[in-house]
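Residue numbers (the working numbering): 89 to 347. Note that the Cβ used here is the ideal one computed from N, Cα and C, for glycine as well. These numbers come from a predicted model, not from an experiment.
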């Protein structure tokens with residue numbers, strides 16, 4: 089596929105030549121789906137990269153800070169707004185109800201950086217859309233009677249993580265940013281870092297445990313501290329995550345507050 093500079097992309101999306109099938113709008117980005125340029129059909133990602141702290145955002149400031157990424161269009165593309173990232177999942181004309189992880193793409197919104205797809209994720213191949221559940225735009229869970237896989241982004245790479253680690257992350261998704269920062273500071277030897285809003289050690293996959301959280305909370309007596317999900321209704325959770333592949337071919341989004 090022909091590569092385009094940022095300046096070429098800006099001129100193109102602002103010109104009369106920019107004709108696309110539709111525009112997908114997400115949080116801080118939009119995708120010009122199936123745009124034609126130089127006889128190629130492409131998806132153009134436009135990311136809003138206006139620096140924080142600017143109180144008045146004019147059209148010129150917005151325009152100057154747009155960042156672009158480009159990919160070849162598939163027969164059908166589904167886009168997952170994944171917190172700090174965007175995931176593009178293609179489908180073929182033969183299997184429009186399935187997405188193909190072997191051809192997936194990952195983009196970081198800040199800087200329009202093209203991320204990586206781990207070999208384990210690529211090897212998932214095709215999955216029914218109705219099997220995918222996105223929780224808080226930070227975890228993707230593929231759950232059926234044959235296998236359960238959990239994906240998240242770590243160091244600009246879409247990876248698989250162990251199910252027990254995912255379970256603990258589900259318990260802490262409700263914690264606010266300040267609590268997570270304080271929890272991180274309480275256990276410096278764990279070497280946790282924020283990865284797309286999740287507190288995790290990128291090398292060992294260690295995450296804050298329930299016991300660590302309650303030790304931390306006990307040291308903050310008299311101060312308001314939000315809680316983790318000490319008790320989870322796993323029967324309800326399995327029902328939420330398990331989808332019928334014969335149902336509507338769409339990716340489901342779930343707020344962790346409802347788990």
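For residue 197, same chain residues with a beta-carbon under 7 Å away, outside a window of 5 residues either side, are 116, 117, 135, 172, 173 and 174 in chain order. In this structure, the alpha-carbon of residue 110 lies about 15 Å from that of residue 176. Beta-bridge annotation (DSSP): residue 220 is paired with 230.
A direct Cα-to-Cα measurement between residue 234 and residue 138 gives close to 44 Å. In summary, residue 326 is exposed, with fewer than 16 beta-carbon neighbours lying within 10 Å of its beta-carbon over all protein chains present.
Following the DSSP letters along the chain, one finds residue 187 inside the beta strand (DSSP E) bounded by residues 186-188. Straight-line measurement puts the Cα of residue 158 at about 15 Å from the Cα of residue 204. Collapsing the DSSP output to three states places residue 193 in a strand. The beta-bridge partner set that DSSP reports for residue 115 is empty. Every beta strand (DSSP E) stretch that sits fully inside the region 268-316 and reaches 3 residues is listed by chain position as 281-283 and 286-288. Around the Cβ of residue 307, a 10 Å sphere holds fewer than 16 other Cβ atoms; the residue is exposed. Residue burial is scored here from C-beta neighbours: residue 168 has at least 16 other C-beta atoms within 10 angstroms and is therefore classed as buried. The beta carbon of residue 245 lies closer than 7 Å to those of 203, 204 and 206 in the same chain, with the five residues before and after it left out.
In this structure, DSSP gives residue 138 a state outside helix and strand, which the three-state scheme calls coil. Judged by DSSP secondary structure, residue 322 falls within the alpha helix (DSSP H) whose first and last residues are 322-329.
Between the region 205-223 and the region 246-256 there are three or more C-beta pairs closer than 8 Å, enough to call the two in contact.
Beyond the five residues adjoining it in sequence on each side, residue 106 comes within less than 7 Å, by CB distance, of 100, 120 and 123 in the same chain, given in chain order.
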